[in-house]
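Residue numbers (the working numbering): 3 to 362.
Written below as structure tokens is the structure these notes are about.
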């Protein structure tokens, strides 16, 4: 049995849905039978070792299926993002935007890694209840990685939009190490806000004193909304300049990657952020919905983090007849080119070698 002393420190209203569900599973049968907060869509029963867990309902089955799919996509996504990290970190020279792609791959890898860990903990908890703090830690790190990925993707889109709207100013005034400094600040800020929010909501206060928890919730939500609006606005501006207007800019592989990455995030990654915002403001959302949408949005976010490396390699492989493992370096290098296809082809013909990215 898990130590009840550990879980008692956590306000029930501040626990994420999966932690709350596991918290209910780790309590005695009498409490489960009397507590009206236990979802009527799940039927608790006792495992051979005496631990209590819920299953046999449609929503319970769906949650298990979503978690299993998260596990599969996490494995594939970790391998793909690890390849991007290896190539950009050690095999290729980096330019301004490849630094952002490197950090985005780091955030995606971290998110998928802790989804993989959470699934293992979820399985262990079914047969041997474990401390809620261990489960909460995996969700906190996943939240941090998701939040950081949103910030980095917004920075990519904003900087690309600036380079299109004011190209002369951008080329002349942009400091050399802007990308690295921006990413470092976004990592630090994301970590600070995540830790402060979780600390205030889970460790420092009790259920009767939620002022600091609500304050940091408001800060995180406001920051996320601001970056989401900036992401959508800059991406839309970039898309309009590429496909419409009298001053259309020539399309490059990098433009296509940015547009596709943002589009995939809005379709697959954004629902998790929306759910978390609703959950922070409506603490009892979990008990009023027919099925737990948390696992569905979590699965969609895993799809988004898994898809990004394949977007890079696919865009870089266009005009190649075969997709071979030995060409992944070339595909990623071509994907991050910031020159039109015709110009890049001319440079390769004249030099005899693929174009190398400029070092930051």
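The beta carbon of each residue, even a glycine, is placed where N, CA and C say it ideally should be.
Since the model is a prediction, treat every value here as computed from it, not as a measurement.
In the structure shown, the three-state DSSP call for residue 66 is helix. Between residue 143 and the set 94, 64, 198 and 330, the nearest pair of CA atoms involves 198. For residue 301, same chain residues with a beta-carbon under 7 Å away, outside a window of 5 residues either side, are 68, 71 and 72 in chain order. Within the same chain, 76, 79, 80 and 307 come within 6 Å of residue 114 by CB-CB distance, once the 5 residues on both sides are set aside. Fully enclosed alpha helix (DSSP H) runs of no fewer than 4 residues occupy 169-175 of the region 152-177, in order along the chain. Fewer than three pairs of CB atoms, one per stretch, sit closer than 8 Å, so the region 89-98 makes no contact with the region 142-159.
Between residue 267 and residue 112, the beta carbon gap of about 16 Å keeps them out of contact (Cβ cut-off 8 Å). For residue 311, the enclosing alpha helix (DSSP H) begins and ends at 295-319. About 25 Å separates the CB atoms of residue 262 and residue 225; that is not less than 8 Å, and the two are not in contact.
Bounds of the alpha helix (DSSP H) holding residue 219 are 213-245. The beta carbon of residue 271 sits closer than 8 Å to the beta carbons of 148, 151, 152, 302, 303, 306 and 307 from its chain, once the five residues preceding and following it are set aside; these are given in chain order. Proximity to residue 187 across 264, 121, 166 and 102 peaks at 102, based on C-alpha coordinates. Under the Cβ criterion (8 Å, minimum of three pairs), the region 229-242 counts as touching the region 162-172. By the Cβ neighbour-count rule, residue 109 is buried, with 16 or more other Cβ atoms within 10 Å of its own. Nearest to residue 339 by alpha-carbon distance, out of 299, 298, 222 and 258, is 258. Around residue 189, the same chain offers 105 and 150 as residues with beta carbons nearer than 8 Å, after the five sequence neighbours per side are excluded. When the beta-carbon positions are compared, residue 260 and residue 159 come within less than 8 Å of each other. Looking at the backbone, the Cα of residue 231 and that of residue 93 are separated by about 35 Å. Judged by DSSP in its simplified three-state form, residue 132 adopts coil rather than helix or strand. By the beta-carbon neighbour count (other beta carbons within 10 angstroms, threshold 16), residue 255 is buried. The three-state secondary structure of residue 94, taken from DSSP, is coil.
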